């Protein structure tokens, strides 16, 4: 069975009902799904969807690109309102320097990241980390403000050296569609070198659709192509990658 440890099946890009999307995925060898939110309204959507299926769980939180959606001092209260047994992580949270490189924006994102790590520690939950063009700063913050239950670097795109440092801190590496792209040297290198005990697979649906579906909306059932490519790179049976990542996800998210 496959565990899609990161997706956004509530996204408005989908024309289908989320219930139908999930039902189809579960009929196509997807055994577990973690819906990841990026703000409070979408956290509520994740919770609503997770209530419909025993196989669906969620991560709730404020994405670095959504820090202007809620005052910093209100985050804890709003997250606490949403906590129930289906919430398995705080996320996706972190730093994103791709779109805005201003010092003021970076500082604000760091404040929101730290605040949500503190919330995760109070709730005894892991975190789902977004680190776009910001891996070094993210690692530095985690050293200073560690998450007790660790977490995963979603859609990891850093170097081998950074990967090793992350694993030394106890965090997992999440790989998705880009590992299947022909010229994606870095993800393929990471897929080959990451210790299997620290590997998770994810779709980030509806984004990052893997080959051979690239150019279309992404769905959880497409995760099989990511798994097959990682297995090809490592020269192992795809079933091994499927089973290891499934168990890794269950362990990290306490399922």
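Numbering (the numbering used here), first residue to last: 979 to 1233.
Glycine residues also receive a C-beta, built at the ideal position from the N, C-alpha and C atoms.
Remember, it's a predicted structure, so these values are computed and weren't measured experimentally.
Residue 1040 carries a coil assignment under DSSP once its states are collapsed to helix, strand and coil.
Under the DSSP definition of a beta bridge, residue 984 lacks any partner. Secondary structure note for residue 1110: its beta strand (DSSP E) is the uninterrupted segment 1105-1110. With contacts defined by Cβ atoms closer than 8 angstroms, residue 1223 and residue 1177 form a contacting pair. Taking C-beta separations shorter than 6 angstroms and ignoring five residues to either side along the sequence, the partners of residue 1111 in its chain run 1075, 1076, following chain order.
For residue 1106, the closest alpha carbon among the candidates 1127, 1033, 1162 is that of 1127. DSSP places residue 1014 within a strand segment (E or B) once states are collapsed to three. In chain order, 1158, 1188 place their CB closer than 6 angstroms to the CB of residue 1203, counting only its own chain and leaving out the 5 sequence neighbours on each side. The straight-line gap separating the alpha-carbon atoms of residue 1062 and residue 1116 is approximately 28 angstroms. Taken in chain order, the whole beta strand (DSSP E) runs of length 3 or more contained in the segment 1092-1175 are 1105-1110, 1129-1131, 1150-1153.
When secondary structure is reduced to three states using DSSP, residue 1086 falls in the helix class.
In the three-state DSSP reduction, residue 1227 falls in the helix class (H, G or I).
Closest option to residue 1041, judged by alpha-carbon separation, among 1035, 1006, 1090, 1228: 1090. The three-state secondary structure of residue 997, taken from DSSP, is helix.
Within the DSSP secondary-structure output, residue 1073 pairs in a beta bridge with 1109. A Cβ-Cβ contact shorter than 8 angstroms links residue 1169 with residue 1211.
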